[in-house]
Amino acid sequence: MTAATITQAQSKGLRHQSGLFATIRHFCEQLYVAHGGWLFGARKDAAQQAMVARNELLSLAAQSESFSPNLAAELRHLANRG
45 MTAATITQAQ
55 SKGLRHQSGL
65 FATIRHFCEQ
75 LYVAHGGWLF
85 GARKDAAQQA
95 MVARNELLSL
105 AAQSESFSPN
115 LAAELRHLAN
125 RG
């Protein structure tokens, strides 16, 4: 037995790898469903927090418009940059 035959015997090919990835994906989907989609909830909370922070920056920009237009413009830029 040579090194080439040992390597060929251990290499199962792309069909085996795609089956393995399908099994892993199926397991991850089941885990996601079992936890009630907690990843989606975390994304939703992060989006809500980002919206609150954006609204706060826009509010500060409106308050500072009368005494510092440059600061207001910078705050609006930061809020819209996201």
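The opening position of the sequence shown corresponds to residue 45 in this note's numbering, with each subsequent residue numbered one higher. Beta carbons are placed, not taken as given, at the ideal position from N, Cα and C, and that holds for glycine. Nothing here was measured: the structure is a model prediction, and the numbers come from that model.
Thinking residue i and residue j are a contact (beta carbons under 8 Å), I'd like their distance in whole angstroms, please.
| i | j | result |
| --- | --- | --- |
| Ala-105 | Leu-119 | 4 Å |
Can you give me the start and stop residues for the alpha helix (DSSP H) that residue i sits inside?
| i | result |
| --- | --- |
| His-79 | Premise fails: His-79 is in no alpha helix (DSSP H) and is neither H nor E. |
| Glu-118 | 113–125 |
Counting only the same chain and skipping the five closest in sequence on each side, list residues whose C-beta sits under 7 Å from that of residue i.
| i | result |
| --- | --- |
| Ala-116 | Ala-105, Ser-108 and Glu-109 |
Cutting at 8 Å between CB atoms, please list the residues of its own chain near residue i, excluding the five before and the five after it.
| i | result |
| --- | --- |
| Leu-102 | Leu-119, Arg-120 and Ala-123 |
With a CB to CB cut of under 6 Å and the five nearest residues on each side skipped, what residues in its chain are close to residue i?
| i | result |
| --- | --- |
| Leu-75 | none |
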